[in-house]
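S.K.:
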Amino acid sequence: MLRLIVIALVLLAVTWALRNRRRRRRATRDARRFERLASLQSLRLWARLPDELRDTLVARVEDFIERVPFTGAGGLTVDDSMRVRIAAQCCLVTLGHEGWPFAALHGITLHPDEFVVRQEIEDEDTGVVTEGYEALSGQAIESDRIVLSWRDVLEGDAHDDGYNVVIHEVTHFLEHANPGGDQAARAALEAAREELGRALDRGETPLIDPYGAEDTAEFLAVAAETFFERPRELRARHPTLYVLLRESFRLDPAEWPNPTQ
Ligand SMILES: [Zn+2]
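Sequential numbering from 3 applies to the sequence shown in the working numbering.
Here it is as C-alpha cells:
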C-alpha cells in the first residue's frame, strides 16, 4: 500500500514538473513574440501598412526568423531586434504573393559596415576584365545567401529617400529564385531603363537611382526601392513603370494609408 502511495506521489510530481516546464516554455515563446511585435511596430514601414497587410507581415516575420539563419560577421552579434528589422523589409516585398518565396535562402550574413569582396571588374571603354576588390553595402549571392552591411540597413530604414539596401538585395534574390515576368513586362522594364539612361545623358536628376542604368537586374532592384519608399512620386513621374511594379509585386503602396512621398 505504502509503495503504491509513493508511486502515485512520484507520478504526480513528474506530471506537475512536466506541466510547469511546458508552461515556462510557452511563456518564454510568448514573451519573445511580444518583443518581436514591439520591434516590428517601431519600424517606419509599419506606420505605412494597411491593417490587413500588417497581420500578414507579423506572421511572415515570425516564419522568416524561425526558418532563415542569421550570421554575424566581423565581430557583429546579431540580436532579435536586428533580425526583425531585416526580416520585415524582406517580407514587405513579398506581401502581395502567397506561399513561401524564401525556400532557397540559406542565410543572411550581417557585417557591421561595408564589406570588401573580390570581383571581376570590366573596363567600360576597353572591355578588359581585371580582378579587383570592391566595398559593398549589400550582395545577393545567387539565390542562396544575402549579405548586408548593418550600418546601411539602418540608413535604408531611417528615411524614405529611395535608398534601401534590404529591398534592393531581396529583389535580386527573388529575381534569381523565382524568375518571372512575361516578355512584354521585360520589354517595358528595359524601355524604362533606357529612359533613365537618356535622362542621365540630358543631365537631369532622376527620381530613380542612376545606378539602375547599369543593367536590367540593377534597374529592377533600384526601381523596387523607389516603389516602396517613394511610391506616390514614382506613380506621378513614371506611371507605366509604377503599374508594371504594382502588377509584379501585387501591391499598391501609393494607395496605402500613410505613404510619405
Ligand atoms: Zn544590385
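Beta carbons: idealized from backbone N, C-alpha and C, even for Gly. Quick caveat: nothing in here was measured; it's all calculated off a predicted structure.
Pull up the DSSP beta-bridge partners for residue 131, would you.
M.R.: 124
S.K.: Please name the residue in 153, 205 and 144 whose C-alpha comes closest to that of residue 179.
M.R.: 144
S.K.: With a threshold of 8 angstroms between beta-carbons, can residue 9 be considered close to chain D, or not?
M.R.: Checking the listed chains, one finds no chain D in this structure; it contains a single protein chain.
S.K.: Could you give the DSSP three-state label for residue 151: helix, strand or coil?
M.R.: strand
S.K.: For a test of the three-state rule: what should DSSP assign to residue 170, helix, strand or coil?
M.R.: helix
S.K.: Helix, strand or coil, according to DSSP, for residue 245 in the structure here?
M.R.: helix
S.K.: For residue 131, count the other beta carbons within 10 Å of its own beta carbon; 16 or more makes it buried, fewer makes it exposed. Which is it?
M.R.: Classification of residue 131: exposed, given that the 10 Å Cβ count is below 16.
S.K.: Buried or exposed: where does residue 3 fall if 16 or more other Cβ atoms within 10 Å of its Cβ makes it buried?
M.R.: Residue 3 comes out exposed.
S.K.: On a Cα-Cα basis, can you pick out the residue from 161, 226, 113 and 66 that is closest to residue 177?
M.R.: 226
S.K.: If distances are taken between C-alpha atoms only, which option among 76, 105 and 73 comes closest to residue 65?
M.R.: The closest CA to that of residue 65, considering only 76, 105 and 73, is found on 105.
S.K.: Do you know offhand how far residue 70's Cα is from residue 89's?
M.R.: 9 angstroms
S.K.: Judging by CA-CA distance, which residue of 157, 127 and 24 is the nearest neighbour of residue 140?
M.R.: 157
S.K.: Only counting the same chain, and skipping five residues up and downstream in sequence, which positions put a Cβ closer than 6 angstroms to that of residue 83?
M.R.: 41
S.K.: Rounded to whole angstroms, how far is the Cβ of residue 229 from the Cβ of residue 191, which I believe are closer than 8 angstroms?
M.R.: With 8 angstroms as the limit, residue 229 and residue 191 do not qualify as a contact, their Cβ atoms being about 12 angstroms apart.
S.K.: Roughly how far, in whole angstroms, is the beta-carbon of residue 151 from the beta-carbon of residue 116, given that I think they are within contact range, below 8 angstroms?
M.R.: With 8 angstroms as the limit, residue 151 and residue 116 qualify as a contact, their Cβ atoms being about 5 angstroms apart.
S.K.: Which term fits residue 111, buried or exposed, when burial requires 16 or more other beta carbons within 10 angstroms of its beta carbon?
M.R.: That one is buried.
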